[in-house]
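Be aware that the sequence shown starts at -11, since it is given in the numbering used here, and climbs by one per residue.
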Amino acid sequence: MTDDAFALRKDLLKPFPMKNLTYEQRVFNYKLSRARRVVENAFGILATRFRVFHTTISFKPCKVVDIVLACVGVHNFLRRKCRKNYTRTSALDREDTENGTVVEGEWRQDPVLDDRFQGLKK
């Protein structure tokens, strides 16, 4: 998933340009936006909990895969075992269904992450 900053490729999903959209294209853009928000929330929570994601990981790619998988495993365990304390609802971006706007989650307020996630604050 990406936005207009990237060229269209076979391995990327991009929204349709915002002019003259059909109903199906608007629905696609909305669903893609929701999926992207899920990914941004997941990575944002991971990055606030595991500081290894705050900078380039200087290991061989195979070791980086192990680090990411370990962090995701611990993250998933904590989500199952202590969901209320680990990720409160307010920590995640969510849609205000009354007016259709996105309410930013608390993870975006982390001052250490602030500079690294400027592109995600749309």
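Glycine included, C-beta positions come from ideal geometry on N, C-alpha and C.
Between the CA atoms of residue 46 and residue 56 - distance to the nearest angstrom:
Looking up residue 56 in the sequence shown gives position 68. Looking up residue 46 in the sequence shown gives position 58. Residue 56 and residue 46 have their C-alpha atoms spaced approximately 13 Å apart.
With burial defined as no fewer than 16 other Cβ atoms inside 10 Å of the residue's Cβ, what is the status of residue 49: buried or exposed?
By one-based count along the sequence shown, residue 49 stands at place 61. Counting Cβ neighbours within 10 Å, residue 49 comes out exposed, since fewer than 16 surround it.
Put residue 84 into one of helix, strand or coil per three-state DSSP.
If you number the sequence shown from 1, residue 84 lands on position 96. It is a strand residue.
With respect to the alpha helix (DSSP H) encompassing residue 36, which residues constitute its N-terminal and C-terminal limits?
Stepping through the sequence shown from its first residue, residue 36 is reached at position 48. Per DSSP, residue 36 belongs to the alpha helix (DSSP H) from 11 to 37.
Return the bridge partner residues of residue 89 from the DSSP annotation.
The residue labelled residue 89 in the question sits at position 101 within the sequence shown. DSSP lists 84 as the bridge partner or partners of residue 89.
For the pair the stretch 90 to 99 and the stretch 18 to 32, tell me if three or more CB-CB distances fall below 8 Å.
With the cut-off at 8 Å, the stretch 90 to 99 and the stretch 18 to 32 touch.
Residue 7 burial status per 10 Å Cβ neighbour count (16 or more: buried)
Working through the sequence shown from its first residue, we reach residue 7 at position 19. Exposed, because fewer than 16 other Cβ atoms sit within 10 Å of the Cβ of residue 7.
Give the range of the alpha helix (DSSP H) segment to which residue 63 is assigned.
The residue given as residue 63 occupies position 75 in the sequence shown. Here the alpha helix (DSSP H) through residue 63 covers 49 to 69.
Helix, strand or coil: which one does DSSP assign to residue 76?
As a working note, residue 76 is residue 88 in the sequence shown. When DSSP states are grouped into helix, strand and coil, residue 76 belongs to the coil group.
Are the CB atoms of residue 37 and residue 63 within a distance shorter than 8 Å?
As a working note, residue 63 is residue 75 in the sequence shown. As a working note, residue 37 is residue 49 in the sequence shown. Closer than 8 Å, so yes.
Pick helix, strand or coil for residue 41, following the three-state DSSP scheme.
Sequence index remark: in the sequence shown, residue 41 carries index 53 (1-based). In the displayed model, residue 41 falls within a helix according to three-state DSSP.
Between 53, 25, 5, 33, which has its C-alpha nearest residue 82's C-alpha?
Along the sequence shown, read from residue 1 onward, the residue named residue 82 stands at position 94. Distances from the CA of residue 82 to each of 53, 25, 5, 33 were compared; the closest alpha carbon is that of 25.
Going straight from the alpha carbon of residue 1 to that of residue 15, what length do you get?
On the sequence shown, residue 1 is found 13 positions in, with the first residue counted as 1. On the sequence shown, residue 15 is found 27 positions in, with the first residue counted as 1. Distance between the alpha carbons of residue 1 and residue 15 is about 14 Å.
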